[in-house]
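Engineer: Taken in sequence, the protein lines are chains A and B.
Just so you know, the working numbering puts 1027 at position 2 of the first sequence, and the rest follows in order with no gaps.
Just so you know, the working numbering puts 1178 at position 153 of the second sequence, and the rest follows in order with no gaps.
Yeah, the Cβ is synthetic: ideal placement off N, Cα and C, and Gly gets one too.
Dropping a structure here in structure tokens format, bear with me for questions.
2 protein chains.
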Amino acid sequence: MTEPGATQPDQPPAGDDPAYRAAVVDLLGALAYGELTAFSRLASDADLAPSLSAKAELARFAVAEFGHFERLRRRLQDLGTDPDAAMEPFVAALDAFHDRTAPQTWLEGLVKAYVGDGIARDFYREVSAYLDADTHELVTSVLQDAGHAEFVVREVRQAVAADPRVSGRLALWARRLVGEALSQAQRVAADRDGLTALLVGGLDRTGADLAALVSMFHRLTEAHSRRMSSLGLSA
Amino acid sequence: MTEPGATQPDQPPAGDDPAYRAAVVDLLGALAYGELTAFSRLASDADLAPSLSAKAELARFAVAEFGHFERLRRRLQDLGTDPDAAMEPFVAALDAFHDRTAPQTWLEGLVKAYVGDGIARDFYREVSAYLDADTHELVTSVLQDAGHAEFVVREVRQAVAADPRVSGRLALWARRLVGEALSQAQRVAADRDGLTALLVGGLDRTGADLAALVSMFHRLTEAHSRRMSSLGLSA
């Protein structure tokens, strides 16, 4: 939680600076469409569930993601932006990612949700370091995990324990997910200067320099490896 | 809300009579699985939406259905029943219905949600006349429409106005939905004596006699025709 008045120096509230405001709208639009597609994917993966309770559990996570979407949509409206227009630039990349990584099994769906959401969450947390206090608070709060991770780790570890061959297949699957995610992220970065500038400091604000970027990618990779080993898979 | 002690005469609370209790568990199990599949179907139909706002709107209805599912699941647990076991007898029929009526277009999805949910809602409301006060209150409250109907009517009428040929195709589609729903309902009725007895009074309780059943089907048909004409379609 951010204290009132805890706005960091050099980080004015969204709206004061048009370039900064556009970058924030981009960020919230990308996050919002990410949450909306997360809702759809989890709801659809729930159909692969091995039991009715597991199906309900996944549906519950989908509903939590939709709650995040609603908060982001409202913030976009409060900023005087049409949420559809803010999400539009990210539809193609996110849809392409999901089309190329449609899980064929319950376990693939779980690993995708855990690994994919994990990387996205870490990335947005890194970006949020350069945000004004209000946006920072919203972004970190919608990125909170609703207990999904614990459920996935338990299910995947059980499956790997029951049949060790599962482990190699899921590790390969996770590598494919990371590859597809990176390739779509590059596409978005090439397209959306404002969003990229927010990260690398090109908006004449405090941003990350090259060394900071390198160490960010290092942190993302390390967190990904930790997630993979908590699943009992090699990264 | 039901006042304590407002239980109707001849309608003891669920649990006093084993046959009645089994019928109520059947009813709540059927409704719960109906809500869970409604969640999945609406979430998946949202992918057919022509705009991001329409997609979000349908996702919002899916989330409302999941809230109903959670209430039914909790009630089943309060009755000392495993919710999965209570839903299980209805999985095959409901899945078969949805598999045979997977919408190919956004409008087919909307008509299915409106027409199908409408008939199911009317049917459960009729059944709930024979329930104890607590169960009656829960059933009528989860059957409340969350504004979905209004949205569907507006979208379908606009589409029919823009292209009158749409009307005949959607009217045919609605007839197919009703046919499939009836055939799956018969399958459930043949299988679940308790549930059927609840409706026709075979549990030695106040139920519907044949004349009452005939007039119930008459009311269901009339309500269906009204829904069709509010969509601008012939029944």
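Closest to Arg1194 of chain B by CA distance: which of B:Gln1209, B:Pro1128, B:Val1152 is it?
Structural biologist: Checked all of B:Gln1209, B:Pro1128, B:Val1152; the closest Cα to Arg1194 of chain B is B:Pro1128.
Engineer: Classify Leu1168 of chain B as helix, strand or coil using the three-state DSSP reduction.
Structural biologist: Coil at Leu1168 of chain B, not helix or strand.
Engineer: Taking 8 Å as the cut-off, decide whether the C-beta atoms of Leu1097 of chain B and Val1177 of chain B are in contact.
Structural biologist: Not a contact, by the Cβ cut-off of 8 Å.
Engineer: Cβ closer than 8 Å: which chain B residues qualify as neighbours of Arg1098 of chain A?
Structural biologist: Residues of chain B passing the Cβ test: Ala1081.
Engineer: Give the range of the alpha helix (DSSP H) segment to which Val1177 of chain B is assigned.
Structural biologist: Start and end: 1173–1187.
Engineer: Since I believe Ala1071 of chain A is in contact with Leu1083 of chain A (beta carbons under 8 Å), could you give me their beta-carbon distance rounded to a whole number of angstroms?
Structural biologist: That pair is a contact at about 4 Å.
Engineer: DSSP state of Pro1114 of chain B, grouped into three classes?
Structural biologist: Residue state, collapsed to three classes: helix.
Engineer: Let me know the secondary structure DSSP gives Gln1102 of chain A once reduced to three states.
Structural biologist: DSSP places Gln1102 of chain A in helix when its eight states are reduced to three.
Engineer: Quick test of your reading: Leu1067 of chain A and Ala1138 of chain A, contact by CB under 8 Å. State the CB separation rounded to the nearest angstrom.
Structural biologist: The Cβ separation is near 6 Å, so the contact holds.
Engineer: Which of helix, strand or coil does DSSP assign to Gly1134 of chain B?
Structural biologist: Gly1134 of chain B falls in the helix class under three-state DSSP.
Engineer: The segment 1082–1095 of chain B: which residues have C-beta closer than 9 Å to a C-beta of chain A, in chain order?
Structural biologist: Cβ contacts with chain A come from Ala1084, Arg1085, Ala1087, Val1088, Phe1091, Gly1092, Phe1094, Glu1095.
Engineer: Among B:Ala1081, B:Pro1108, B:Ala1057, B:Val1116, which has the Cα closest to the Cα of Glu1090 of chain B?
Structural biologist: Residue B:Ala1057 is the option with its Cα nearest to Glu1090 of chain B.
Engineer: Can you find the residues in the same chain that come closer than 7 Å, C-beta to C-beta, to Arg1179 of chain B, ignoring five residues on each side of it along the sequence?
Structural biologist: Once the five neighbours on either side are set aside, Arg1179 of chain B has no close Cβ partner at all.
Engineer: Helix or strand or just coil, what does DSSP make of Leu1202 of chain B?
Structural biologist: Leu1202 of chain B: helix per DSSP, three-state reduction.
Engineer: Ser1254 of chain A and Ala1196 of chain A - do their beta-carbons sit closer together than 8 Å?
Structural biologist: The answer is no: Cβ separation not under 8 Å.
Engineer: For a test of the three-state rule: what should DSSP assign to Thr1126 of chain A, helix, strand or coil?
Structural biologist: Coil, per DSSP.
Engineer: Name, going along the chain, the residues of the segment 1107–1131 of chain A whose beta-carbon falls closer than 8 Å to a beta-carbon of chain B.
Structural biologist: Going along the segment 1107–1131 of chain A in chain order, one finds Pro1108, Asp1109, Met1112, Glu1113, Val1116 with a Cβ nearer than 8 Å to chain B.
Engineer: Determine the contact status of Tyr1155 of chain A and Leu1224 of chain A, defining contact as a CB-CB distance below 8 Å.
Structural biologist: Contact: yes.
Engineer: Indicate whether at least one CB of chain A lies closer than 8 Å to the CB of Val1069 of chain B.
Structural biologist: The question names Val, but residue 1069 of chain B is Ser in the sequence shown. True, the Cβ-Cβ gap to chain A drops below 8 Å.
Engineer: DSSP on Gly1059 of chain B, reduced to helix/strand/coil?
Structural biologist: Helix, per DSSP.
Engineer: Go through its chain and collect everything with a Cβ distance to Arg1100 of chain A's Cβ below 7 Å, but skip five positions before and after it.
Structural biologist: These residues qualify, in order along the chain: Leu1053, Leu1163.
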